[in-house]
Each structure stands twice: as structure tokens, then as C-alpha cells.
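The opening residue of the sequence shown carries number 35 in our numbering; numbering runs sequentially from there. Comments concern the structure below.
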Amino acid sequence: MGMVIHDDFWAAAQAMPEKQRAPFIYAIVEYRFTGKEPQGSPAWLPTFLVLKGRLDMGDEKSERARKAANARWGNRPGKEDAVDDAAARAQADAQAHAGAYADADAVAHAQADADAHAGASSCGNAEVEVEVEYIDNPLIPFDEIVHALNEAAGTRYRSSSAKTRRLIHARWAEGYRLPDFLAVIDTMAAEWAGDPKMAKYLRPSTLFSPKFEDYVNRGPRTRKEADGYAEYD
């Protein structure tokens, strides 16, 4: 039984911390060939479950195609090659269409668009917003997180930004959940919103960056220490 690795499978792995990639990829391959699911609750489990659904759906469509081909040709002597070819074509079609169910923040072309615009200049609270069409991942509340930031900072960032979604997805893959995002937003808004110099850092590219853990664990700081966060821009 073969296995097709779609672009967004690999993109999802790349969005994870390096130490999580190997067990995640192994879990996908192991499930495809043995049906065994990972034990416990690793940080990458939500992403695994999304991709597991895609694998299951592809198998079901392939099996239906095989049965349809068998019913048509009746497995008569001399027709085996035709049956195999029809089943192979049906499986390829099913795998191609399964891409419509991809994990939102792991879509490969969205990442390429975001990277292409990453070097564009910005000022104040303005950021380059790359608008892409996503099939929402119900496991990650992108809208609620970005809305909370806009409410706290008086900004107008969009949850449809590829760059913002990629950052949120990466932190989600590390094991952080909605309460962590809301806590970081509230904490940093309370500390920075009244300071014109620091208020510009109340944005997704700063708060949801790999420094997210620092913000989660952040306690009361002096003004001098707060100014040090400018280096994270």
C-alpha cells in the first residue's frame, strides 16, 4: 500500500519546533501503514488528527473506486490490467481532490505568498497583510485571538493574514492554547499600550513570535527592561 505526501503535510511539519518534527512525521507514516495512532497528548496531536482525517478520506474513496472498477469489469480473465489501471486513476483523483480539506495554516502556497511580502516596509501599526482563502481549522480560534488583540491594542489586524495564521499555528503546535494567547495579549497591552514607544509592538509579529513563551512567563518589569523588547521586532 503506497502513500502520497502532500505539500501541506510537509508544511505542517516545518511550522513545528524541530524536536517535534520527527515524531510527528513518524506518527503520520505509522498510522498510514499500520493504523496505529500516537499515545498520549503530544503538542502536535491536533495537526495529526486533521491529517489523519485526510488519509482516511483518501482510503475510503480509493476503496469505493476499486469496488466500482471490480463491479464494472467483473474481474474476468484478461481484464486484470484494466481493473488495476482504473483503480489507480481513481485513487490518484481522490488524492488530488483531498487537498481541499487541508489544514488552514499549513497551506504551502499561502506560506510562499507570505514570505514574498515579508520584506515589504511597514510603519506604526501597519503590517503587510496577505489575503488568502483558507478552509478554517476548527481547532484553532484564529478569529477570537486576533479580535482580542485588536480590542486590547486598538488595532485592525485581520485573522485572514497568512503571516499571522502561520505564527498562531506554530505556537498552537507548541502546546499553547486560547487562554495563553489571551493572557499574553492582556499582559502586554497593560504594560505597553500607554507607552508610545512600546505600543507599536502590540502586533502579531511580535506577540506571537517564537518569543511567545517569554511573554507567557513575563512578570512585572521595570521600564528599562521593557525597552529591551524592542530587539524582538
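For every residue, glycine included, the Cβ atom is placed at its ideal position computed from N, Cα and C. Just so it is clear, the structure is predicted and the values come from calculations on it, not from any experiment.
Please report the Cβ distance between residue i and residue j, rounded to the nearest whole angstrom; I am assuming they are in contact, meaning their Cβ atoms lie under 8 Å.
i    : j    : result
K197 : S239 : 7 Å
A207 : T68  : With 8 Å as the limit, A207 and T68 do not qualify as a contact, their Cβ atoms being about 24 Å apart.
L212 : E178 : 7 Å
W44  : F58  : Their Cβ separation, rounded to whole angstroms, is 11 Å, which puts W44 and F58 out of contact at 8 Å.
Nearest to residue i by CA position, among the options, is which residue?
i    : options               : result
R55  : D248, Q73, Y235, A204 : A204
P51  : G74, K245, I219, E64  : K245
W226 : Y249, Y210, D214      : Y249
L183 : I219, P72, Y210       : I219
R66  : R88, L173, K53        : R88
To the nearest angstrom, report how far apart residue i and residue j are at their CA atoms.
i    : j    : result
E185 : Y191 : 10 Å
P175 : A187 : 19 Å
A217 : E94  : 42 Å
Y168 : K86  : Residue placement at Y168 is poorly supported in this model, since its pLDDT is 43, which falls under 50; the coordinates are not used for a value here.
R199 : M232 : 23 Å
Q48  : D229 : 36 Å
G112 : G74  : Residue confidence is low: G112 scores 49 on pLDDT, short of 50, so the model does not pin down where it sits. Its coordinate-derived value is still stated next. Their Cα atoms are separated by approximately 50 Å.
S193 : I202 : 10 Å
L241 : G209 : 16 Å
T221 : T189 : 16 Å
D214 : A102 : 49 Å
V180 : E97  : 41 Å
P76  : M91  : 23 Å
L173 : A46  : 14 Å
R252 : K53  : 24 Å
If we count the other Cβ atoms within 10 Å of its Cβ and call it buried at 16 or more, is residue i buried or exposed?
i    : result
Y263 : Note that Y263 has pLDDT 46, beneath the 50 cutoff, so the model's placement of it is unreliable and no number is given.
L236 : buried
Y60  : exposed
L83  : exposed
A224 : exposed
D139 : In this prediction, D139 has a pLDDT of 43, which is less than 50 and means its spatial position is unreliable; what the coordinates show is noted afterwards. Per the 10 Å Cβ criterion, buried.
V63  : exposed
S195 : buried
A99  : buried
K234 : buried
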